[in-house]
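Here is the structure we will look at.
Numbering (the working numbering), first residue to last: 7 to 305.
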């Protein structure tokens with residue numbers, strides 16, 4: 007087993023931060039080299055393409071499901087909770103799609119639900135497969151899982167993501183009804199406003215750790231609840247989303263250059279940046295594990 011294989015499969019010592027400033031600069035250099043050597047920018051683009059294909063059927067699925075519990079138009083008001091995280095063009099694009107789907111009849115929405123689930127599942131699974139392939143590249147692994155096992159893993163991860171979204175939407179629907187019934191509607195708005203950031207941080211970090219564990223084809227890898235790669239990637243993603251949102255709203259360059267396609271291009275760019283950050287977080291984990299093997303980190 008090569009040294010990189012050993013790092014990818016099972017690092018017995020928890021990878022910590024660099025012990026010296028010189029080691030920290032060397033770590034950054036190696037992560038940048040990993041991004042270039044493994045063509046992570048291009049690999050992120052392929053994942054972003056399938057992600058864009060999956061998002062609109064997923065929206066149709068969520069709106070159709072939402073209509074079983076409440077007025078689908080109400081979901082647009084809940085998008086305000088995400089206005090500080092997602093770019094405004096992304097929020098506007100999602101809102102327009104929601105209004106278009108919500109305007110259909112109930113019978114059409116029922117048919118839309120099943121069709122959208124199938125399309126969203128296929129597109130999202132294609133994106134998940136591309137992400138797993140990219141993670142194999144980052145970890146220096148070759149795909150050792152059989153084809154049925156590989157697709158079973160990607161489908162499970164995709165389905166878990168969709169179930170999480172469904173439960174999140176259900177929580178958004180049910181909690182306001184309960185709190186409004188007992189007269190705590192204003193308190194709920196304030197509570198959600200305060201809690202959305204720590205909840206988003208914890209959920210994103212745990213989700214990334216799951217992806218980093220099951221994505222690459224690694225046998226015997228140890229499970230860790232929090233890794234520095236997932237923590238740094240979550241911070242970077244939140245910061246990049248806020249910065250991208252400010253850039254789009256301040257300069258409006260996408261609409262000027264791409265016209266009516268500006269929102270779609272901006273959305274795809276945001277997905278691409280998000281995937282790139284995920285892969286960079288994986289590269290950070292790999293290089294930290296390599297440093298741990300060389301004794302250059304502290305726990």
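We put the CB at the ideal spot given by N, CA and C, even for glycine.
All values derive from a computational prediction rather than experimental measurement.
Should residue 238 and residue 282 be called a contact, given that it needs their Cβ atoms to be closer than 8 Å?
no
Using CA coordinates, which residue listed in 146, 140, 144 and 130 is at the minimum distance from residue 163?
130
Have a look at residue 33 and residue 161 and give me their C-alpha separation to the nearest angstrom.
Residue 33 and residue 161: Cα-Cα distance of roughly 34 Å.
Contacts around residue 58, its chain only, beta-carbon distance under 8 Å, and the 5 residues preceding and following it disregarded:
270, 273, 274 and 277
Buried or exposed: where does residue 19 fall if 16 or more other Cβ atoms within 10 Å of its Cβ makes it buried?
Residue confidence is low: residue 19 scores 45 on pLDDT, short of 50, so the model does not pin down where it sits. No coordinate-derived value is stated.
Quick check on residue 264: buried or exposed, where buried means 16 or more other Cβ atoms within 10 Å of its Cβ?
exposed
Taking all protein chains shown into account, do 16 or more other C-beta atoms lie within 10 angstroms of the C-beta of residue 60, making it buried, or fewer, making it exposed?
Residue 60 should be labelled buried.
Measuring alpha carbon to alpha carbon, tell me which residue in 40, 298 and 63 is nearest residue 128.
63
With a threshold of 7 Å on Cβ separation, who are the neighbours of residue 220 within its own chain once the five nearest residues in sequence on each side are excluded?
159 and 163.
Rounded Cβ spacing between residue 223 and residue 149 (contact assumed at less than 8 Å)
5 Å
Rounded to a whole number of angstroms, what is the C-alpha to C-alpha distance between residue 157 and residue 29?
39 Å
If I follow the unbroken alpha helix (DSSP H) through residue 30, where does it start and stop?
27–43
Rounded C-alpha distance that separates residue 284 from residue 151
22 Å
Would residue 169 be called buried (16 or more neighbouring beta carbons within 10 Å of its own) or exposed?
exposed
Quick check on this structure: which residue in 232, 27 and 37 has the alpha carbon closest to the alpha carbon of residue 286?
Each of 232, 27 and 37 was checked against the Cα of residue 286, and the nearest Cα belongs to 37.
Can you grab the Cα-Cα spacing for the pair residue 42 / residue 49, in whole Å?
11 Å
Top-ranked residue by Cα proximity to residue 135, from 267, 153 and 124:
153
Entirely within the stretch 240–280 and at least 4 residues each: give me those alpha helix (DSSP H) ranges in chain order.
259–264
By the three-class DSSP mapping on this structure, what secondary structure does residue 160 have?
helix
Residue 240 vs residue 215 beta-carbon contact at 8 Å:
no
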